[in-house]
Amino acid sequence: MRTGRFSVGYALPNHDDYALAKLGPALDEAESMGVDCVELPLYAIDVVAGGRIVPERLRKLREITAGRAIGYTIHGPLRLNLMEQPDMLPMHQAVMKAMLEVAAELGGRHFVAHCGRVPVTTANPGPRIERQREILAEMGDLAEANEIVIAVENLFGGPESYTMLPSELAHEIETIGHRSVCACLDFSHAYLLCTRRGVSFLDEAASLAPFAKHLHVHDSFGVLAETHFSHRSERLAYGVGDLHLPYGMGTIPWDDLISRCAFPADPIFIHELAPPYWSDLAVAISNMRAFAEKARICKE
51 MRTGRFSVGY ALPNHDDYAL AKLGPALDEA ESMGVDCVEL PLYAIDVVAG
101 GRIVPERLRK LREITAGRAI GYTIHGPLRL NLMEQPDMLP MHQAVMKAML
151 EVAAELGGRH FVAHCGRVPV TTANPGPRIE RQREILAEMG DLAEANEIVI
201 AVENLFGGPE SYTMLPSELA HEIETIGHRS VCACLDFSHA YLLCTRRGVS
251 FLDEAASLAP FAKHLHVHDS FGVLAETHFS HRSERLAYGV GDLHLPYGMG
301 TIPWDDLISR CAFPADPIFI HELAPPYWSD LAVAISNMRA FAEKARICKE
């Protein structure tokens, strides 16, 4: 993986069951695209079972990923929630620890972990937020020992759940103060949440950017669903939801955004593109690279 001013890549498609047989051809395609890295959906690859690594599956995964002209970032479990009720935390920790160990075996540079969320009815989320800090610091030690950075991703929540605004996540990363715990700034997630919460998307993104060594790039219209749609194409027609559109297809103000944000040294830009737009991947990557070229780097 390149270690210059920035790196670019994309997330492999989100399949419900990412059979290992699919992975080799997907990585062949990535090498032909000339990107620096790909983000492996470890949450969709059956290599961890019951919080423990499956050795034979890991061996096969190493064989498929080794010796290629691309680097890797790793996306941890989508279900991960370090702010969940206490009885669920031991399994969350076991799964995260196992996947961090897999990431180390694969030479993964960044490990993306979803930020916690709680029901909106939670009277006092403070203790859960504090517990997330403690767990992330503990996991940061494991990550640092394996030369990995945990990138905590901002989410967009929903009508029944509370999750942190980008500025709140920035405060958490700063409070944790661990060199191996940073942020993953997901631009579309921030756009969706800020619109719902009635706060400035540009201000919020700019507040998290200095902590964000990892960037998830995809487009949307900043509108979260309040009703049911029968088909994905209907949601697109109405401009609703976390659509994972190609860069520039939605209404995120990318030029204003990049002028407001300053990132840590050597950020990684990952395009998260929904499978229906895979034919647009090459153009989307090219556009994202041009976007990354405009990025300002702040001092760490």
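Remember, our numbering sits 50 above the position in the sequence shown when you count from 1. No residue lacks a Cβ here, since even glycine has one placed at the ideal position from N, Cα and C. Predicted model, so just to flag it, every value in this text is computed and none were measured.
Exposed unless 16 or more other CB atoms sit within 10 angstroms - verdict on residue i
i: M51; result: Reliability fails at M51, whose pLDDT of 42 lies under 50, so the model's placement of it is uncertain and no value is given.
i: A233; result: buried
i: C348; result: exposed
i: Q135; result: exposed
i: T53; result: Low confidence applies here, because T53 scores a pLDDT of 42, under 50, leaving its location unreliable and the question unanswered by this model.
i: N131; result: buried
i: P78; result: The question names Pro, but residue 78 in the sequence shown is Asp. Label assigned to D78: exposed.
i: E113; result: exposed
i: G100; result: exposed
i: P325; result: exposed
i: V162; result: buried
i: A342; result: buried
i: H228; result: buried
i: V231; result: buried
i: R285; result: buried
Residue of the options minimising C-alpha distance to residue i
i: R102; options: A116, M146 and H281; result: M146
i: N204; options: R181, T225 and A255; result: A255
i: S336; options: G74, L77, D86 and Q143; result: D86
i: E155; options: G190, E218, L111 and S257; result: L111
i: L323; options: R118, P296, T172 and V104; result: P296
i: P314; options: R346, P325, P127 and P303; result: R346
i: M55; options: A334, F319, A332 and V333; result: Position check: residue 55 holds Arg in this sequence, whereas Met was assumed. Checked all of A334, F319, A332 and V333; the closest Cα to R55 is F319.
i: I179; options: E343, K344 and G166; result: G166
i: S23; options: L242, S250 and K263; result: The structure shown has nothing for residue 23, since the chain only spans 51 to 350.
i: T115; options: L307, F279, L92 and V98; result: L92
i: Q143; options: E224, A332 and E184; result: E184
i: K344; options: P209, L219, W304 and L62; result: W304
i: Y60; options: A69, L128, A71 and G84; result: G84
i: L252; options: T301, T277 and V231; result: T301
i: G121; options: R310, H239, L62 and Y241; result: L62
i: L274; options: H281, T245 and A119; result: T245
i: R181; options: A312, E222 and L242; result: E222
i: E224; options: L186, L73, H160 and A119; result: L186
i: L219; options: M133, G126 and A94; result: M133
i: H160; options: S280, H125 and G208; result: H125
i: H321; options: A119, M338 and L192; result: M338
i: P105; options: R129, L192, S250 and A148; result: A148
Residue i versus residue j: straight-line alpha-carbon distance, rounded
i: M138; j: A340; result: 42 Å
i: P140; j: V88; result: 30 Å
i: Y288; j: F271; result: 9 Å
i: T172; j: G158; result: 36 Å
i: E194; j: S283; result: 42 Å
i: M189; j: I226; result: 11 Å
i: R247; j: V97; result: 38 Å
i: P352; j: V170; result: This structure leaves residue 352 out entirely; the chain is present only between 51 and 350.
i: M214; j: L90; result: 25 Å
i: A332; j: H164; result: 27 Å
i: W328; j: G298; result: 15 Å
i: Y212; j: G117; result: 42 Å
i: R107; j: A80; result: 22 Å
i: A334; j: E210; result: 33 Å
i: T123; j: D330; result: 22 Å
i: I200; j: P127; result: 13 Å
i: G208; j: F261; result: 24 Å
i: V202; j: S280; result: 32 Å
i: A94; j: E151; result: 16 Å
i: A312; j: A240; result: 16 Å
i: L70; j: R310; result: 41 Å
i: A119; j: R109; result: 20 Å
i: L242; j: S82; result: 33 Å
i: L235; j: E276; result: 24 Å
i: L192; j: V249; result: 36 Å
i: N196; j: H278; result: 44 Å
i: R129; j: K72; result: 23 Å
Nearest-angstrom Cβ-Cβ length linking residue i and residue j, presumed shorter than 8 Å
i: V168; j: P177; result: Incorrect: roughly 10 Å between the Cβ atoms, too far for contact.
i: L307; j: F237; result: 7 Å
i: A259; j: I198; result: Going by Cβ atoms, the distance from A259 to I198 rounds to 21 Å, so no, they are not a contact pair.
i: P47; j: S257; result: Residue 47 cannot be examined here, being either before or after the span of the chain that is shown, 51 to 350.
Residue-level contact to chain C via CB, residue i, 8 Å cutoff
i: A195; result: Chain labels in this structure do not include chain C; a single protein chain is all it has.
Open item on the list: Could you check whether the region 292 to 309 touches the region 259 to 275, counting it as contact only if at least three pairs of C-beta atoms, one from each stretch, sit closer than 8 Å?
Closed with: yes
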